Structures are given as C-alpha cells and as structure tokens.
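Below: one structure, written as structure tokens.
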Amino acid sequence: MGKEKIHINIVVIGHVDSGKSTTTGHLIYKCGGIDKRTIEKFEKEAQEMGKGSFKYAWVLDKLKAERERGITIDIALWKFETAKYYVTIIDAPGHRDFIKNMITGTSQSRFEEIKKEVSSYIKKIGYNPAAVAFVPISGWHGDNMLEHSEKMNWFKGWNVDRKEGKAEGRCLIEALDAILPPSRPTEKPLRLPLQSVEMHHEALQEAVPGDNVGFNVKNVSVKELRRGYVAGDSKNNPPKGAQDFLAQVIVLNHPGQISNGYTPVLDCHTAHIACKFAEIKEKCDRRTGKTTEENPKSIKSGDAAIVNLVPSKPMCVESFQEFPPLGRFAVRDMRQTVAVGVIKVRKEHHVMKKIVGSVIPKDASTGKVTKAAEKAQKKK
Numbered sequence: 001m002g003k004e005k006i007h008i009n010i011v012v013i014g015h016v017d018s019g020k021s022t023t024t025g026h027l028i029y030k031c032g033g034i035d036k037r038t039i040e041k042f043e044k045e046a047q048e049m050g051k052g053s054f055k056y057a058w059v060l061d062k063l064k065a066e067r068e069r070g071i072t073i074d075i076a077l078w079k080f081e082t083a084k085y086y087v088t089i090i091d092a093p094g095h096r097d098f099i100k101n102m103i104t105g106t107s108q109s110r111f112e113e114i115k116k117e118v119s120s121y122i123k124k125i126g127y128n129p130a131a132v133a134f135v136p137i138s139g140w141h142g143d144n145m146l147e148h149s150e151k152m153n154w155f156k157g158w159n160v161d162r163k164e165g166k167a168e169g170r171c172l173i174e175a176l177d178a179i180l181p182p183s184r185p186t187e188k189p190l191r192l193p194l195q196s197v198e199m200h201h202e203a204l205q206e207a208v209p210g211d212n213v214g215f216n217v218k219n220v221s222v223k224e225l226r227r228g229y230v231a232g233d234s235k236n237n238p239p240k241g242a243q244d245f246l247a248q249v250i251v252l253n254h255p256g257q258i259s260n261g262y263t264p265v266l267d268c269h270t271a272h273i274a275c276k277f278a279e280i281k282e283k284c285d286r287r288t289g290k291t292t293e294e295n296p297k298s299i300k301s302g303d304a305a306i307v308n309l310v311p312s313k314p315m316c317v318e319s320f321q322e323f324p325p326l327g328r329f330a331v332r333d334m335r336q337t338v339a340v341g342v343i344k345v346r347k348e349h350h351v352m353k354k355i356v357g358s359v360i361p362k363d364a365s366t367g368k369v370t371k372a373a374e375k376a377q378k379k380k
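Residue 253 in UniProt numbering sits at position 253 of the sequence shown, with consecutive numbering throughout.
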C-alpha cells in the first residue's frame, strides 16, 4: 500500500446488527489487503456454517476470533486504501442505545429519519451536522459504497459545508476522501498512549502520528506497564500523571441529577479510570462558554459545566488545547456514555505512585458504588 498517502483512523459505530461488520468487511474486501485465497477460505467456512449471507461480516468475525485467541494476524487485514488516504479500521462494539428502534430498509423517508436523529445527536456533542456527509448504503450489496447506485435514484448526493470549504459526492468512498485529517502537533514533545501489552515482532522503518504501532521496551517489567500509560521523551517535557484536572463537561444522557461526589468511569485516550466529580464549579453555555450559574448543586442531561475531576489514581492527561487526543474524554456509567468533555487545566502529580486514600466510587444520588467504577478500581 502506498506509503505516501496520509494515514487516518476510522471508527465504525452504530446499533447492534446494523451492518457495521458487513460494511467494514465489504470495504476491506474491495479496497484492502486481504488476498483472494483468504477471502475464499472465509467464504467457504461461512457457507459451511450456514452463514453465506454474512460473508463480509465473516471476514471481520474471523479476524476478531483469531485476535482473541492470541493468534498474530497481519494488521494490513484491517486496512484499506481510498484514492487519497490509507485507512485503518478501529473495531468498536455495537451500541444498543445509539439509534433506538433500528429497523431495516433503504427508503428515502427512513434515510431522512436517521439523518435527522443522528444530526441531533452529534450536534449535542459539538459537531456541526452541515459538515458531516450522510450517505445511504447497502453494506451487503455494495450500493453507494464505491459508486453511485441506480437503486437509490432519490439520493442526489451528499454535500458538506465547513470553514475549510465545501465538498460533495455521491458515494461513501468519496465521503471518506473528503475527510479532513486532524492536525498533528509534531513539533510538540512526544505523547504515546499504551493500548495493550503483548509480544510480537515486525520491522517498521518509521511511524508517524495516526499510525498504530508496537515496539520493544527494555529495562521495564511487563508487570509495570498498563493500558492507559503514556510514553514520552524523558528529556523533553515528559508526560506526567495528574492528581486532578478542570474540565468542561456536557451531560448527554443521565437519568437523574449529577452532584458533587458522583464517581463514574472516564475513558480518555486508552485509559479507563474511576473519576470523582469533586466540585461542579459552574454551569456554562455550551456554545459560548459563558457562565450561566456559579456553584450549582447539580447538573442534568443537556447541561454543560466546568467541573473539577479527581481520578482514583494518577491519570496521564493533557489540556485539550495543547494535546487534543489526550485532552478529550467520555464519561461512562450504567453501560452507556452519560457525558463527554474536554480538559481545560491539569494539576501535575510528578511522582507516579499510588495516591494515598484513593477515591471511593459512589453514585452521587444513592451513595452506592457505581458498577463501572468498581470494575475499573479492581483493575488497578
């Protein structure tokens, strides 16, 4: 695959059984690094299992199964190329609450319904729907994936309008090529979040921001490494753990009121750590950031607030302004994303040792230990 192309990572998200694996498998099959022999082998196995209609999803399922059993697979199997980009697919599980009442069908009215619902959802978390391409496709038949399909003549094409300019097209692959790659702060000190700790060997000439790579480490025991740690240059502003940090949080979906003391789990880069809402300092306008209420007793779905967060152990994070990938997070509780946020200011904890008297993860309203936080605590 062409090394001169820019590397981007894409996450395929959606409701369980909405066709994520089929769509992804189809893209990898048509544009990716899977050889014909492998595809034929997977297709034959799918037929023998009576799952011939799932042959594209079977590609993904087989790769997942092999990975889960610890079998080393070629990372190229998870990649494909467009005319402009070198794309890596990042696996994501199905989200039961992403789009309610998911049904099949490719009618224009259904497309408009989904577009309206998803637009409303992404607007809540700060995206401009006008800058997002919506394309109706068939992950199985391939309609509108690589070229415009006559079966959906009602679809006249997608268009996006953003500050960098306008773009338009008629199929999914064109929409992928219209993605603007994120800015890479390559002039800043190194930050490299650890995703997993394993052992395998494959030579690589170089790695650039956006690549998913592995490397060997010396003089460090595997027992000392954990997912969520961040590597850096010890002589150039090395990463440090934060004992607490100030963040702007937007509550998306919480059934009650969130008060001081609420302790869910934060997912920030590859870290998964219980974090306490130590102090809700102010409510603010989501768009302007202006304060609307100081020291509120609680916040609820739809509110934006400035909150002081205290992790149960030192957490390596950065301000969103300095290092965006290490400065944004999702708040998880009750097996769903209840809020999202960005880090404004962090307080350093120079010595990476366990904090004495770690946070007891409790629900703000009941005082009970939240299950998500309890699970994260056990992994410490």
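A virtual CB, placed ideally from N, CA and C, is assigned to each residue, including glycine.
Bear in mind that the values here come from a model prediction, so they are computed numbers and not experimental data.
Exposure of residue 6, with buried meaning 16 or more beta-carbon neighbours within 10 Å = For this step, residue 6 is matched to residue 6 along the sequence shown. Counting other Cβ atoms within 10 Å of its Cβ, residue 6 stays below 16 and is therefore classed as exposed.
Whole-angstrom distance between residue 278 and residue 175, CA atom to CA atom = Position 175 of the sequence shown, counting from 1, holds the residue named residue 175. Position 278 of the sequence shown, counting from 1, holds the residue named residue 278. For residue 175 and residue 278, the distance between alpha carbons rounds to 42 angstroms.
What residues in its chain sit with their C-beta under 7 angstroms from that of residue 169, if we drop five residues either side in the sequence?
-> The sequence position of residue 169 within the sequence shown is 169, counting from 1. Around residue 169, the same chain offers 157, 158, 175 and 178 as residues with beta carbons nearer than 7 angstroms, after the five sequence neighbours per side are excluded.
Is residue 186 buried or exposed, if buried means 16 or more other CB atoms sit within 10 Å of its CB?
-> On the sequence shown, residue 186 is found 186 positions in, with the first residue counted as 1. Classification for residue 186: exposed.
Return the CA-CA distance between residue 4 and residue 133, expressed in angstroms with no decimal places.
-> For the purposes of this step, residue 4 is identified with residue 4 of the sequence shown, where counting begins at 1. For the purposes of this step, residue 133 is identified with residue 133 of the sequence shown, where counting begins at 1. Their Cα atoms are separated by approximately 26 angstroms.
Roughly how many angstroms lie between the CA atoms of residue 255 and residue 264, to the nearest whole one?
-> The count along the sequence shown starts at 1 and reaches residue 255 at position 255. The count along the sequence shown starts at 1 and reaches residue 264 at position 264. Their Cα atoms are separated by approximately 14 angstroms.
Euclidean distance between Cα positions of residue 325 and residue 161 = Start at 1 with the first residue of the sequence shown, and residue 325 comes out as number 325. Start at 1 with the first residue of the sequence shown, and residue 161 comes out as number 161. Take the alpha-carbon of residue 325 and the one of residue 161: they are about 24 angstroms apart.
Going by beta carbon distance, what residues of the same chain come within less than 6 angstroms of residue 17, once the five residues before and after it are set aside?
-> To locate residue 17, count along the sequence shown from 1; it is residue 17. Once the five neighbours on either side are set aside, residue 17 has no close Cβ partner at all.
Helix, strand or coil at residue 13 according to DSSP, with G and I counted as helix | Here residue 13 corresponds to residue number 13 of the sequence shown, with the count starting at 1. In the structure shown, the three-state DSSP call for residue 13 is coil.
Which runs of the beta strand (DSSP E) fall wholly inside the stretch 131-164 and span at least 3 residues, in chain order?
-> The stretch 131-164 contains these whole beta strand (DSSP E) runs: 158-162.
Leaving out the 5 sequence neighbours to the left and right, which residues in its chain are closer than 6 angstroms to residue 20 when beta-carbon positions are compared?
-> Numbered from 1 along the sequence shown, position 20 holds the residue referred to as residue 20. Excluding residues within five positions, the ones whose Cβ falls inside 6 angstroms are 12 and 14.
Segment contact flag, the stretch 319-334 with the stretch 283-303, C-beta cutoff 8 angstroms, min 3 pairs = Judged by Cβ distances under 8 angstroms, the stretch 319-334 makes no contact with the stretch 283-303, as fewer than three pairs qualify.
Coil, strand or helix - residue 32 by DSSP | Taking the sequence shown and counting its residues from 1, one reaches residue 32 at position 32. Three-state result, residue 32: strand.
Mind checking whether residue 230 and residue 239 have CB atoms under 8 angstroms apart?
-> Position 230 of the sequence shown holds residue 230. Position 239 of the sequence shown holds residue 239. Cβ atoms of residue 230 and residue 239: closer than 8 angstroms.
Cβ shell of residue 8 (< 7 angstroms), same chain only, five flanking positions each side left out = Taking the first residue of the sequence shown as 1, we reach residue 8 at position 8. Closer than 7 angstroms at the Cβ level, and outside the excluded window around residue 8, lie 85, 87, 179, 181 and 210.
CB residue 319 to CB residue 344, shorter than 8 angstroms?
-> In the sequence shown, the residue the question calls residue 319 occupies position 319. In the sequence shown, the residue the question calls residue 344 occupies position 344. Contact check for residue 319 against residue 344 passes: the beta carbons are separated by less than 8 angstroms.
Excluding the five sequence neighbours on either side, which residues of its own chain have a C-beta within less than 7 angstroms of the C-beta of residue 131, listed in chain order?
-> In the sequence shown, counting from the first residue as 1, residue 131 sits at position 131. By the criterion of a C-beta distance shorter than 7 angstroms, residue 131 is surrounded in its chain by 160, 161 and 162, once the five residues flanking it on both sides are discounted.
Report yes if the CB atom of residue 280 is closer than 8 angstroms to the CB atom of residue 299, and no otherwise.
-> Within the sequence shown, the letter at position 280 stands for residue 280. Within the sequence shown, the letter at position 299 stands for residue 299. Pairing residue 280 with residue 299 gives a Cβ-Cβ distance under 8 angstroms.
Unbroken alpha helix (DSSP H) run spanning residue 117, endpoints | Position 117 of the sequence shown, counted from the start, is the residue given in the question as residue 117. From DSSP, the alpha helix (DSSP H) with residue 117 extends over 108-124.
Output the boundary residues of the alpha helix (DSSP H) element that contains residue 176.
-> The residue labelled residue 176 in the question sits at position 176 within the sequence shown. Judged by DSSP secondary structure, residue 176 falls within the alpha helix (DSSP H) whose first and last residues are 172-177.
Per-residue burial, residue 302 [other beta carbons within 10 Å of its own, 16 or more giving buried] = Here residue 302 refers to the residue found at position 302 when the sequence shown is read from its first residue. Burial call: exposed.
How big is the Cα-Cα spacing for residue 42 and residue 271?
-> Position 42 of the sequence shown, counted from the first residue, corresponds to residue 42. Position 271 of the sequence shown, counted from the first residue, corresponds to residue 271. Taking the straight line from one Cα to the other gives about 34 angstroms.
Alpha-carbon spacing of residue 123 relative to residue 32, whole angstroms | Within the sequence shown, numbered from 1, the residue matching residue 123 stands at position 123. Within the sequence shown, numbered from 1, the residue matching residue 32 stands at position 32. Their backbone Cα atoms lie some 32 angstroms apart in a straight line.
Assign residue 165 to buried or exposed, taking buried as 16 or more other Cβ atoms, counted over all protein chains shown, within 10 Å of its Cβ.
-> Taking the first residue of the sequence shown as position 1, residue 165 is located at position 165. Burial is judged here by how many other beta carbons sit within 10 angstroms of a residue's own beta carbon; residue 165 has fewer than 16 and is exposed.
Please say whether residue 38 and residue 173 have beta carbons closer to each other than 8 angstroms?
-> Residue 173 sits at position 173 when you count from the first residue of the sequence shown. Residue 38 sits at position 38 when you count from the first residue of the sequence shown. No. Outside cutoff.
Rounded C-alpha distance that separates residue 146 from residue 262 = Reading the sequence shown from its first residue, position 146 is the one you call residue 146. Reading the sequence shown from its first residue, position 262 is the one you call residue 262. Straight-line measurement puts the Cα of residue 262 at about 47 angstroms from the Cα of residue 146.
Starting from residue 241, follow the beta strand (DSSP E) in both directions and report where the run begins and ends.
-> Numbered from its first residue, the sequence shown carries residue 241 at position 241. Taken as a continuous stretch (DSSP letters only), the beta strand (DSSP E) holding residue 241 covers 241-251.
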